[in-house]
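Right, one structure below, let's go through it.
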Amino acid sequence: MNEAQENLSVESFLILLALVFFTAVFAKRIGYYSYPEKSVRSTPFVSVFQFLIAFILFFSVTLAASLSGGAIIQKTAHLLHIPLDGYAIRLLNGLLMVYGVTLALFLFARRNLFPKQSFFSPAVMVKGALSWFIAYPQMLLITIGLNYLLMELFHLEPEEQTSVLELKGAKSHPPLFFLMMFTITLIVPVCEEILFRGYLQNFLRRFLPRFPAIAITSLVFALFHFSGSQSAGNFVILPSLFFFSLYLGFVYEKWGSLSASYGLHAFFNGVSSLMIGSST
């Protein structure tokens with residue numbers, strides 16, 4: 001790395017640091033970090049049974065798709081005379097898994113979670129999405145700092161997140177690439193917000209104050225994104241996702257609706273997908 005590149009790197013870091021500082025100060029001044037004096041919601045009662053069923057649905061549908069999804073896709077493609085290579089079948093199997101889990105959780109939540117609070121509230125979604133401008137610079141700073149520590153102190157090259165690598169790999173299959181972008185942006189957040197904020201965080205709120213419930217939920221959320229293929233990258237990816245999940249839990253509690261955490265989650269995934277799509 002030459003001196004100009006080093007200077008550019010330092011300048012970029014200082015700009016990011018200033019951005020984090022000013023957005024955090026602005027957020028504090030407008031009262032963003034405070035909860036309403038009067039709660040905007042009553043915590044939905046999530047029973048032990050409902051909590052367990054939600055996670056059983058997640059794991060059972062995931063297992064079923066992983067065991068039989070590939071064969072179903074291959075046979076369907078053969079019947080429709082659609083040529084698919086092994087990579088495309090693997091991607092489609094992953095998408096089938098996501099849609100299956102999301103549908104199962106959504107139908108289950110309609111019976112016991114959504115009657116107590118709405119999932120789709122456009123105004124609240126916008127509030128959640130705007131939180132990205134506060135949360136993302138902070139998350140980016142953490143990611144850069146952890147990357148630096150990993151490379152400079154431990155001389156390890158962090159791997160990218162599995163979903164990022166899959167999205168990049170899908171560029172050679174344009175229809176699949178756009179389907180993956182759509183799924184990552186709009187569908188995955190539905191599944192994860194119902195499971196983690198809707199069931200896990202609300203279940204924990206029966207026994208714990210806000211922050212411990214948010215923190216434990218965020219820890220579980222981060223661990224769910226662990227992958228052996230990410231190797232040393234887990235030391236960057238998991239803490240960054242833990243921090244991001246703290247914001248997801250916070251906006252859910254602040255505005256009392258899954259629409260808020262969904263809005264932030266979908267906006268984050270959408271921007272990230274566009275960045276990956278535009279990269280060479």
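Reading the sequence shown from the start, the letters are residues 1 to 280 in my numbering. Every residue, glycine too, gets a C-beta built ideally from N, C-alpha and C.
- DSSP places GLU160 outside both helix and strand once states are collapsed to three, so it counts as coil.
- For LEU246, same chain residues with a beta-carbon under 8 Å away, outside a window of 5 residues either side, are ILE214, ALA215 and SER218 in chain order.
- About 5 Å separates the CB atoms of LEU92 and ILE73; that is less than 8 Å, so the two are in contact.
- Counting only residues of its own chain and dropping the five nearest sequence neighbours on each side, TYR35 has a CB closer than 8 Å to the CB of ARG210, GLU253 and LYS254.
- Cβ contact annotation for GLY233 (same chain, cutoff 6 Å, sequence separation greater than five): PRO158 and GLU159, in chain order.
- By alpha-carbon distance to VAL236, the top candidate from THR23, ASP85 and ASN147 is ASN147.
- Taking 3 residues as the minimum length, the region 163-211 contains no beta strand (DSSP E) run wholly inside it.
- ALA129: member of the alpha helix (DSSP H) spanning 122-130, first to last residue.
- The alpha-carbon separation between GLU152 and ARG206 amounts to approximately 43 Å.
- Cβ neighbours of SER121 within its own chain (closer than 7 Å, five residues either side excluded): SER257 and SER259.
- Contact between the region 78-93 and the region 131-149 is absent, with fewer than three C-beta pairs closer than 8 Å.
- About 6 Å separates the CB atoms of LEU16 and PRO137; that is less than 8 Å, so the two are in contact.
- By the Cβ criterion, the region 176-192 is in contact with the region 262-273, since at least three pairs of Cβ atoms, one from each stretch, lie closer than 8 Å.
- The C-beta of PHE250 has 16 or more other C-beta atoms within 10 Å across all chains shown, which makes the residue buried.
- A distance of 8 Å or more separates the beta carbons of GLY263 and VAL46.
- About 5 Å separates the CB atoms of SER261 and GLU193; that is less than 8 Å, so the two are in contact.
- By the C-beta density criterion, SER163 is buried, having at least 16 other C-beta atoms within 10 angstroms.
- In terms of Cβ geometry, LEU241 and ALA266 do not form a close pair [threshold 8 Å].
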